[in-house]
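Take a look at the structure below.
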Amino acid sequence: MKSIARLGVATLCCSALLVASAGRAHAQKCEASKLSTAGKHYQCRMNAESKAVKKAAPVDGLAKCSTKYSKKWAKAESVGGCPVAGDDAVIEALVDGMTDALTLSLIPAPPANDAARKCGASKLKGGGKYASCRLKVHSKNVKSGKPLDFLKCDDKLTKTFSKADASGGIDCPTSGDAGAVNTSTTADADLVAATIAGPTTTTTTTTTITMPVVEIGTLIYSEDFTETDGQPWPAPWVVAGGVETADILANRARFRPTVTGYSLARMHLPGSEQDVDLRATVEWLDFETQGLGFYARQNGGHLQLTPTHGQGYAIFVEGFTGTDGVGVWKEIDGNEISLNINYGLPIDIMTGVPHHIRFRAYQNDASSTRLLAKAWAVGSPEPATWNVDHIDNDPILQNLSDGYALDAWYSGNVGPPDEFQFVDDVEIREIQNPLLGISAVNTIQETFIFTEGPHWRSATGELLFTDIAGNTIYSLTPPSTINVFRTPSDNANGLATALNGDLLAAEHGTRRLSRTDGVGTITTVADMFGGLSLNSPNDIEVRSDGTIYFTDPPFGINPGDQELAFNGVFRVDTGSTLTAEWMAPLTRRPNGIVLSPDESRLYVSDTIIDDVTVFTVLPDGSLGASSTFAAGVDQADGMCVDSGGNVYVAASTGIEVYAPDGMQWGTIVFPRVPSNCGFGGAGATTLYVTAREGLYSVDMVVPGIL
Numbered sequence: 002m003k004s005i006a007r008l009g010v011a012t013l014c015c016s017a018l019l020v021a022s023a024g025r026a027h028a029q030k031c032e033a034s035k036l037s038t039a040g041k042h043y044q045c046r047m048n049a050e051s052k053a054v055k056k057a058a059p060v061d062g063l064a065k066c067s068t069k070y071s072k073k074w075a076k077a078e079s080v081g082g083c084p085v086a087g088d089d090a091v092i093e094a095l096v097d098g099m100t101d102a103l104t105l106s107l108i109p110a111p112p113a114n115d116a117a118r119k120c121g122a123s124k125l126k127g128g129g130k131y132a133s134c135r136l137k138v139h140s141k142n143v144k145s146g147k148p149l150d151f152l153k154c155d156d157k158l159t160k161t162f163s164k165a166d167a168s169g170g171i172d173c174p175t176s177g178d179a180g181a182v183n184t185s186t187t188a189d190a191d192l193v194a195a196t197i198a199g200p201t202t203t204t205t206t207t208t209t210i211t212m213p214v215v216e217i218g219t220l221i222y223s224e225d226f227t228e229t230d231g232q233p234w235p236a237p238w239v240v241a242g243g244v245e246t247a248d249i250l251a252n253r254a255r256f257r258p259t260v261t262g263y264s265l266a267r268m269h270l271p272g273s274e275q276d277v278d279l280r281a282t283v284e285w286l287d288f289e290t291q292g293l294g295f296y297a298r299q300n301g302g303h304l305q306l307t308p309t310h311g312q313g314y315a316i317f318v319e320g321f322t323g324t325d326g327v328g329v330w331k332e333i334d335g336n337e338i339s340l341n342i343n344y345g346l347p348i349d350i351m352t353g354v355p356h357h358i359r360f361r362a363y364q365n366d367a368s369s370t371r372l373l374a375k376a377w378a379v380g381s382p383e384p385a386t387w388n389v390d391h392i393d394n395d396p397i398l399q400n401l402s403d404g405y406a407l408d409a410w411y412s413g414n415v416g417p418p419d420e421f422q423f424v425d426d427v428e429i430r431e432i433q434n435p436l437l438g439i440s441a442v443n444t445i446q447e448t449f450i451f452t453e454g455p456h457w458r459s460a461t462g463e464l465l466f467t468d469i470a471g472n473t474i475y476s477l478t479p480p481s482t483i484n485v486f487r488t489p490s491d492n493a494n495g496l497a498t499a500l501n502g503d504l505l506a507a508e509h510g511t512r513r514l515s516r517t518d519g520v521g522t523i524t525t526v527a528d529m530f531g532g533l534s535l536n537s538p539n540d541i542e543v544r545s546d547g548t549i550y551f552t553d554p555p556f557g558i559n560p561g562d563q564e565l566a567f568n569g570v571f572r573v574d575t576g577s578t579l580t581a582e583w584m585a586p587l588t589r590r591p592n593g594i595v596l597s598p599d600e601s602r603l604y605v606s607d608t609i610i611d612d613v614t615v616f617t618v619l620p621d622g623s624l625g626a627s628s629t630f631a632a633g634v635d636q637a638d639g640m641c642v643d644s645g646g647n648v649y650v651a652a653s654t655g656i657e658v659y660a661p662d663g664m665q666w667g668t669i670v671f672p673r674v675p676s677n678c679g680f681g682g683a684g685a686t687t688l689y690v691t692a693r694e695g696l697y698s699v700d701m702v703v704p705g706i707l
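Note that my numbering gives residue 483 to position 482 of the sequence shown, counting from 1, and the numbers run on in steps of one.
Structural data, given as structure tokens:
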């Protein structure tokens, strides 16, 4: 979790689902009336369709249903305190959709004989009774405020369908019907409830599409070679050796080697970076005889042909072996050594077709470097996986800061090469492994039950964290002074700071998101959605404008107590409206939640699916496209981010650290299984980690986002 506090005041109501107390009873009566009317209207329509199926006749009773219940609807509105326009059309559209959906679900194809028609009619009748049952239960709940109990409806439906299957003949389906209608009508009833609950509760649907490519690191050099044709490569490029031609043609750099026993042309670009991400667009005019390399940590030398012998790491793309290959190489004292070449490429590199190449080289730890390489055709999306991923520990090349080089190689050794190689769109970004130079793990205390929610409070210079099972919120004054902040805490889990400085807490015991002001007064931000209790709010994130995001898995309740038909990610906007941004299926468990430093992306971990999903954040705070950010994160839990956009995920293995584009940097291992993390301390360079009975810290190099 993180929280970004800014000066200003935001007013959030205790619950986005509650109306003013003075009109509450009247509003409940209105809602109950509409539910009852909707249920009768629904049942009428289902019976009309059932009769039509029996007779194999057109459905002609629907108009009577509409006329009959439109009058009741109008009467309900005239009582007062109810919306006065649009409801008739809304409920009409809803029941149209429900009956049509059930008809299609229960009668997959037009009836072929009397037995099939009887079977279909029986099931339609059962489905109609079940829907009415659920609506009546919800109507009673609106009046009394008691929890919903749909089990009787479920049992009744199952028995009705079992009977229909047993007597319906060979044309009746024999399995899955009860589940299908149960799912359909459950969703229908919840949809009606959410619709009539009022405008303060809204739902949105997230479309899963390919996310835009996220950049990593800081851009330090780019070149598009726009000089006049015939001009040399622009400074600071210099000829390192072996070059027969190196000039500009049609806004691209071209070059080819002078033929020798080893025909290699090298252009050098001075630099002083250690860890980089290199990209370029390349094209070969005779790929079967050519190869191209792009070096990092390159000292400017050129093999054995110059007084200073070359060294460095490189991506090398080659076609002269008869099989296309992308590999990583190293050069030591002028000798080039192949490290790892992938000849099983998913693409066919062709002569005259531009391709993108990408090479990433960074210090993996004090004694090894990680090398990643990939190539793909221009116009195709960049592949998520690398063609080559290799670790090298040659001591000569570790922890070096140096320049770059582009190589063009020709496999012939008689006569000049016939064709050029072209290079364009060169881009170099400096990257930093956030795990380099960090301290050993420091144990602060290991006497708790289940710690969670580490959250730094800049205003007081303290870390707050929770012990869920211990029903307590604690405070840590660095380095090791721990005091009770609040007990009981209502089994608080995640913590965050609201825009005005209030403390936000995700409480399992009360199934709510709470707010504690400066004098200790606790109020409710959200505890219900669509008239139903939340599951058990888990983790919280606050945007710089005061928008609140939180996850709502069922971890803090018994399975039979869940009222919502989904596990959600919710948003409370600056106007106090509660929105379900992601209504995840019950098979998922949204858990940790955190924004990227620029607040353009929202990360959500899933402890059951073991992944992290990333959503685009739209200007109004709603969520847009989504994709999988990281997969295979065992028991993915709470998260935090640093100023470089790196994402830290609590997992069974430790704190897994990922670059903004999803590449995994590595793991920080702790004595116990981590549950969450958060940055704090002077300069935000201390990583605090909660892990079961313990609270731990690690001194980092890259500062975090508070």
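Beta carbons are placed, not taken as given, at the ideal position from N, Cα and C, and that holds for glycine.
Beta-bridge analysis with DSSP links L477 to L464 and I483. Per the Cβ contact rule, the stretch 618–627 is not in contact with the stretch 662–679 (fewer than 3 Cβ pairs under 8 Å).
Taking the Cβ atoms as the reference, H303 lies roughly 6 Å from G243, within the contact range of under 8 Å. Contact between A266 and A409 is confirmed by a C-beta separation of about 4 Å, below the 8 Å threshold. Taking C-beta atoms as the reference points, I350 and V318 count as a pair closer than 8 Å.
Comparing C-alpha distances from V277 to each of E463, V240, I358 and Q364 shows the shortest one belongs to Q364. Going by beta carbons, S698 and N443 fall inside the 8 Å limit. Take the alpha-carbon of V615 and the one of D700: they are about 27 Å apart. The beta-carbon distance between V648 and Y604, rounded to whole angstroms, is 6 Å. This is short enough to meet the 8 Å contact definition. With respect to the 8 Å criterion, E694 and T473 are not classified as neighbours on the basis of their beta carbons. For G655, the CB contacts under 7 Å within the same chain, skipping 5 residues up- and downstream, are T668, I669, V670, F671 and P675 in chain order.
Rounded to the nearest whole angstrom, the C-alpha separation of A241 and M268 is 5 Å. For I350, there is no enclosing beta strand (DSSP E), as DSSP gives it neither H nor E. Around the beta carbon of I397, a 10 Å sphere encloses fewer than 16 other beta carbons of the protein chains shown; the residue is thus reported as exposed. In the structure shown, G679 falls within a strand segment according to DSSP collapsed to helix, strand and coil. Separation of the CB atoms of N677 and G454 is rounded to 6 Å, and the pair is thereby assigned contact status at 8 Å. Scanning its chain for C-beta atoms nearer than 8 Å, with the 5 sequence neighbours on each side dropped, one finds around P233 the residues A247, D248 and I249, in chain order. Shown here for G462: not one same chain residue has a beta carbon closer than 6 Å to its own, the five before and five after excluded. In this structure the stretch 380–392 does not touch the stretch 279–297; the number of beta carbon pairs closer than 8 Å is below three. The alpha-carbon of Y550 is positioned some 55 Å away from that of D334. Residue burial annotation: I221 is exposed, with fewer than 16 other C-beta atoms found within 10 angstroms of its C-beta. Judged by DSSP in its simplified three-state form, F256 adopts strand.
In the displayed model, A470 falls within coil according to three-state DSSP, outside both helix and strand. Runs of beta strand (DSSP E) with 3 or more residues, each lying fully within the stretch 491–527, are found at 493–498, 504–508, 513–517 and 523–527, listed in chain order. With a 10 Å radius around the Cβ and a threshold of 16 neighbouring Cβ atoms, T488 comes out exposed. A direct Cα-to-Cα measurement between I338 and L293 gives close to 15 Å. With respect to L465, I445 sits apart: the two C-beta atoms are not nearer than 8 Å. Straight-line spacing of the CA atoms in W387 and L514 works out to 42 Å. If you draw a 10 Å sphere on the C-beta of A685, you find 16 or more other C-beta atoms in it, and that means buried. Distance from the Cα of C641 is smallest, within the candidate group M664, F680 and T452, for F680. For S606, the uninterrupted beta strand (DSSP E) segment begins and ends at R602 to D607. Straight across, the Cα-Cα distance linking P384 with T307 is about 38 Å. Considering only N336, N341 and S381, the residue with the shortest C-alpha distance to P355 is S381.
Looking only at T259, S490 and H357, the smallest Cα-Cα distance to V424 is reached by H357. Beta-bridge partners assigned by DSSP to H310: none are found. By the Cβ neighbour-count rule, S368 is exposed, with fewer than 16 other Cβ atoms within 10 Å of its own.
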